[in-house]
Amino acid sequence: MELGGRAEKLRPVKKERSWNSEEFPELTKGMLEEVKRALGPGDPDEVLSSGFKLRITRMDLLTLTNTCWLNDEVINFYMNLLIERGKTPGFPTVHAFNTFFYTKLCAGGYLAVKRWTKGLDIFDRDLILVPVHLGVHWSLVVTDLRKKTVRYFDSMGQQNDGMCRRILQYLQEESKCKKFQHLDTSEWTLYSMKPHEIPQQMNGSDCGVFACKYADYVCRDQSITFTQAHMPYFRKRMVWEILRRQLL
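Straight run, no breaks: the sequence shown in UniProt numbering ends on number 248.
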């Protein structure tokens, strides 16, 4: 879908009776007005939100409209919101690599990304998120250091244990280089989530939203219960969250 042009007309999202208000908080009229203004006419390069050394323009937010594909900027900003929430007592601590990490790792090996954790001990975190861009598809790798698991989440049902192995290998090299310790992986589990275990997209454009929401639910230690029907709601909600730099 072409970005820009006539702004999407936003109406309060009709919530099904089964929608839990805690899991799916209502987007009020005021919140939707904020979203509408952000997605309305204006300079596409205007910065509407900034933080984490990132800037989000109107054009970036427009990737969250209708059936557009999310771009790197939106996903990276959202991952940082998850990191920030993880600093709150009661939530798992989180580190998220940006969307270019996995490509860089594959192209240049550990040495190409060695400095990405300068001044940071990722082994102090509970969860490590790696959003992955597979050409025309977004997926997610989640490492849970508490449970010693590396899991692959894909809204198109694809399996990729090889990606999990590569991330675990990275962790071994990171431990050896930064902590001078051998990471024993004999008790670790690598697993690609099956289509019946996580919600699947029913179109060709919502993979980025699915990847972000997989991460959101995992970072709350919550069962992943949303469906394709929640995507219009999530897109509007994510616009508001990025504008306000806070997760609902």
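Glycine included, every Cβ here is placed at the ideal spot set by N, Cα and C. Since this is a predicted model, take the numbers as computed values, not measurements.
- Starting from the Cα of residue 215, find the closest Cα among 155, 177, 239 and 187 and give me that residue. On the sequence shown, residue 215 is found 215 positions in, with the first residue counted as 1. Per the Cα distances, 155.
- Where residue 51 sits in the DSSP three-state scheme: Taking the first residue of the sequence shown as 1, we reach residue 51 at position 51. In this structure, residue 51 counts as strand in the three-state DSSP scheme.
- Message: If we require 4 or more residues per run, which alpha helix (DSSP H) segments fall completely within the segment 145 to 230?
- Response: For the segment 145 to 230, whole alpha helix (DSSP H) runs of length 4 or above, ordered along the chain, are 161 to 174 and 207 to 218.
- Task: Can you say whether residue 201 is buried or exposed, counting buried as having 16 or more other CB atoms within 10 angstroms of its CB?
- Result: Numbered from 1 along the sequence shown, position 201 holds the residue referred to as residue 201. With 16 or more other CB atoms across the displayed protein chains lying within 10 angstroms of its CB, residue 201 is buried.
- Query: In three-state terms, what does DSSP make of residue 232?
  - Reply: Taking the first residue of the sequence shown as 1, we reach residue 232 at position 232. The answer is helix: DSSP assigns residue 232 an H, G or I state.
- Task: Could you tell me whether the Cβ atoms of residue 93 and residue 178 are closer together than 8 Å?
- Result: Counting from 1 along the sequence shown, the entry for residue 93 is found at position 93. Counting from 1 along the sequence shown, the entry for residue 178 is found at position 178. Cβ distance not < 8 Å, so residue 93 and residue 178 don't count as in contact.
- Task: Could you tell me whether the Cβ atoms of residue 51 and residue 80 are closer together than 8 Å?
- Result: Against the sequence shown, residue 51 aligns to sequence position 51. Against the sequence shown, residue 80 aligns to sequence position 80. With respect to residue 80, residue 51 sits close: the two C-beta atoms are nearer than 8 Å.
- Taking the continuous alpha helix (DSSP H) assigned at residue 136, which residues delimit it? Locating residue 136 in the sequence shown gives position 136, counting from the first residue. Neither: residue 136 is in no alpha helix (DSSP H) and is coded neither H nor E.
- Task: Determine the direct distance from the alpha carbon of residue 210 to that of residue 230, and round the result to whole angstroms.
- Result: Position 230 of the sequence shown, counted from the first residue, corresponds to residue 230. Position 210 of the sequence shown, counted from the first residue, corresponds to residue 210. Distance between the alpha carbons of residue 230 and residue 210: 10 Å.
- Item | Helix, strand or coil at residue 127 [DSSP, three-state] | Residue numbering aside, residue 127 sits at position 127 when the sequence shown is read from its first letter. Of the three classes helix, strand and coil, the one that applies to residue 127 here is strand, per DSSP.
- Would you mind reading off the limits of the alpha helix (DSSP H) that contains residue 114? Position 114 of the sequence shown, counted from the first residue, corresponds to residue 114. Note, residue 114: premise wrong, no alpha helix (DSSP H); not H, not E.
- Please report how far the alpha carbon of residue 36 lies from the alpha carbon of residue 183, in whole angstroms. As a first step, residue 36 must be located in the sequence shown, where it is residue number 36. As a first step, residue 183 must be located in the sequence shown, where it is residue number 183. Approximately 49 Å, taken between the alpha carbons.
- Task: Below 8 Å on the Cβ atoms is my guess for residue 128 versus residue 143; work out the distance and round it to an integer in Å.
- Result: If you number the sequence shown from 1, residue 128 lands on position 128. If you number the sequence shown from 1, residue 143 lands on position 143. Right, the Cβ-Cβ distance comes to about 4 Å (below 8 Å), so this counts as a contact.
- Applying the criterion that 16 or more other CB atoms from any shown protein chain within 10 Å of the CB defines a buried residue, is residue 29 buried or exposed? Taking the first residue of the sequence shown as position 1, residue 29 is located at position 29. It counts as exposed.
- Message: Could you tell me the alpha carbon to alpha carbon distance between residue 124 and residue 145, rounded to whole angstroms?
- Response: As a first step, residue 124 is located in the sequence shown; it is residue number 124 there, counting from the start. As a first step, residue 145 is located in the sequence shown; it is residue number 145 there, counting from the start. So the two alpha carbons sit approximately 9 Å from each other.
- Item | Start and end residues, alpha helix (DSSP H) containing residue 61 | Stepping through the sequence shown from its first residue, residue 61 is reached at position 61. Taken as a continuous stretch (DSSP letters only), the alpha helix (DSSP H) holding residue 61 covers 58 to 61.
- Alpha carbon to alpha carbon, what distance is there between residue 90 and residue 247? Taking the sequence shown and counting its residues from 1, one reaches residue 247 at position 247. Taking the sequence shown and counting its residues from 1, one reaches residue 90 at position 90. So the alpha carbons of these two residues sit roughly 15 Å apart.
- Looking only at its own chain, which residues have a Cβ that is under 6 Å from the Cβ of residue 189, when we skip the five neighbours before and after it? Working through the sequence shown from its first residue, we reach residue 189 at position 189. The beta carbon of residue 189 sits closer than 6 Å to those of 149, all from its chain and outside the five residues before and after it, given in chain order.
- Could you tell me the boundaries of the alpha helix (DSSP H) in which residue 32 lies? The residue you call residue 32 lines up with position 32 of the sequence shown. Where residue 32 is concerned, the enclosing alpha helix (DSSP H) stretches over 29 to 39.
- Report the residue from 153, 34, 240 and 108 whose alpha carbon sits nearest the alpha carbon of residue 213. The residue labelled residue 213 in the question sits at position 213 within the sequence shown. Closest option to residue 213, Cα to Cα, is 153.
- List the residues that DSSP assigns as beta-bridge partners of residue 107. Taking the first residue of the sequence shown as 1, we reach residue 107 at position 107. Bridge partners of residue 107: none, in fact.
- Whole-angstrom distance between residue 168 and residue 196, CA atom to CA atom: Looking up residue 196 in the sequence shown gives position 196. Looking up residue 168 in the sequence shown gives position 168. Using only the alpha carbons, I get a separation of about 25 Å.
- Check the C-beta distance from residue 233 over to residue 77 and give it rounded, since I have them as a contact under 8 Å. The residue you call residue 233 lines up with position 233 of the sequence shown. The residue you call residue 77 lines up with position 77 of the sequence shown. Not a contact, Cβ separation roughly 19 Å.
- Query: What's the C-alpha gap between residue 2 and residue 63?
  - Reply: Reading the sequence shown from its first residue, position 2 is the one you call residue 2. Reading the sequence shown from its first residue, position 63 is the one you call residue 63. Low confidence applies to residue 2: its pLDDT is 32, below 50, so where it sits in the model is not reliable enough to give any reading.
- Residues in its own chain within less than 7 Å of residue 226 by CB, not counting five upstream and five downstream? The sequence position of residue 226 within the sequence shown is 226, counting from 1. Excluding positions up to five away in sequence, the list reads 199 and 213.
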